[in-house]
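Written below as structure tokens is the structure these notes are about.
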Amino acid sequence: MSSGENYTAEIIELRNQINQMQEDFAQNDNAFFLCSMALIIFLMQCGFAFLEAGAVRSKNTTNILIKNLLDSCIAVIGYWSLGWAFAFGDSSNNIIGLFIGHTQFFLDGLSNYPKFFFQYVFAATSATIVSGAVAERCEFANYITYCTVISTFVYPILTHWGWHPQGWMYLGIQTNDIHTTYMDFAGAGVVHLCGGTISFAAAYIIGPRIGRFPEDGEEESIEIKGHSVPVGFFRMWRFLRQNE
């Protein structure tokens with residue numbers, strides 16, 4: 001083999017190495033970005049905790065803080081075991097795949113862990129949105145139950161509909177006359193509409209907190225003052241990271 005051919009082979013090998021390095025850098029860069037944004041969004045839990053603690057009476061502050069902590073703990077277990085599979089698992093059946101995924105249970109076969117972490121914090125956020133609506137309104141056991149159901153079943157299934165390439169909302173309606181698909185910006189529907197709708201239903205069904213409005217014979221309602229609402233409000237501005 002001539003020296004020219006040797007140089008050509010070395011250049012090709014060097015080019016392949018550079019291309020591989022670029023691909024690795026792009027993957028690591030995306031992973032770093034997802035993890036960074038996920039951590040910022042995760043700190044929204046602190047914002048919700050402060051906001052909700054300021055919306056309840058001081059005697060219930062510890063209770064609401066524990067509930068917000070449990071939101072994250074329950075959500076990670078539910079989303080790790082079943083939620084991810086329902087949301088982003090593929091389906092060999094085209095009909096079933098329109099509504100729910102059924103692969104990668106317990107993250108079996110998953111390679112993109114940064115994406116799992118990023119989606120997990122969305123699931124936890126969706127469940128935490130409801131906690132403010134039911135503060136001082138429901139029993140602890142009921143709270144644990146609803147948090148498990150939302151983060152494990154409700155939110156993942158809605159995610160599959162709107163964000164998975166096989167989801168029926170993602171695919172939209174494709175006919176000769178109609179061409180429309182669902183577009184979700186930063187979880188406006190999947191995360192916030194999901195949590196907001198459940199919050200409205202829960203608050204309507206359970207009713208007001210005891211002492212919030214005057215009962216028969218009372219002239220004025222018992223005032224419930226907030227003590228950390230501003231701090232929680234400013235911390236919740238971290239939701240802007242969802243738009244990145």
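The sequence shown finishes on residue 244 if you use UniProt numbering, and the numbering steps up by one all the way, no holes.
Quick reminder that beta carbons are idealized off the backbone N, C-alpha and C, glycines included.
Same chain, Cβ closer than 6 angstroms to residue i, five either side skipped, listed in chain order
| i | result |
| --- | --- |
| A9 | none |
| G195 | S126, I129 and V130 |
| I33 | The sequence as given places Phe at residue 33; Ile does not occur at that position. Counting only Cβ-Cβ distances below 6 angstroms, and skipping sequence neighbours, we find nothing. |
| F106 | S81 |
Extent of the continuous alpha helix (DSSP H) run through residue i
| i | result |
| --- | --- |
| E52 | M44 to A55 |
| C194 | C194 to I206 |
| L171 | W168 to L171 |
| N63 | T61 to G78 |
| Q119 | Y113 to A133 |
| G97 | N94 to G97 |
| F88 | W84 to F88 |
7 angstroms Cβ shell around residue i - same chain, five flanking residues per side excluded
| i | result |
| --- | --- |
| I206 | V134, R137 and C138 |
| residue 266 | The first residue shown for the chain is 1 and the last is 244, placing residue 266 beyond what the model contains. |
Supposed close pair residue i, residue j - CB separation, criterion 8 angstroms
| i | j | result |
| --- | --- | --- |
| E52 | N63 | Actually they are not in contact, since the Cβ atoms of E52 and N63 sit about 10 angstroms apart, beyond 8 angstroms. |
| G125 | M44 | One detail in the question is off: residue 125 reads as Thr in this sequence, not Gly. Right, their Cβ atoms sit about 6 angstroms apart. |
| Q104 | A85 | 5 angstroms |
| A87 | P156 | 4 angstroms |
| S91 | G97 | 3 angstroms |
Residue i in three-state terms, based on DSSP
| i | result |
| --- | --- |
| E13 | helix |
| S174 | Checking the sequence shown, residue 174 turns out to be Gln, not Ser. Three-state result, Q174: strand. |
| T145 | helix |
| N243 | Any answer about N243 is weak, because its pLDDT of 49 lies below 50 and its placement is not dependable; what the coordinates show is given next. N243 falls in the helix class under three-state DSSP. |
| T152 | helix |
| T180 | strand |
| Q104 | coil |
Cβ neighbours of residue i in the same chain (closer than 8 angstroms, five flanking residues each side left out)
| i | result |
| --- | --- |
| A203 | A133, V134 and R137 |
(request) Assess, as a yes-or-no matter, whether the stretch 104-114 is touched by the stretch 137-149 under the definition of 3 or more beta carbon pairs within less than 8 angstroms. (result) no
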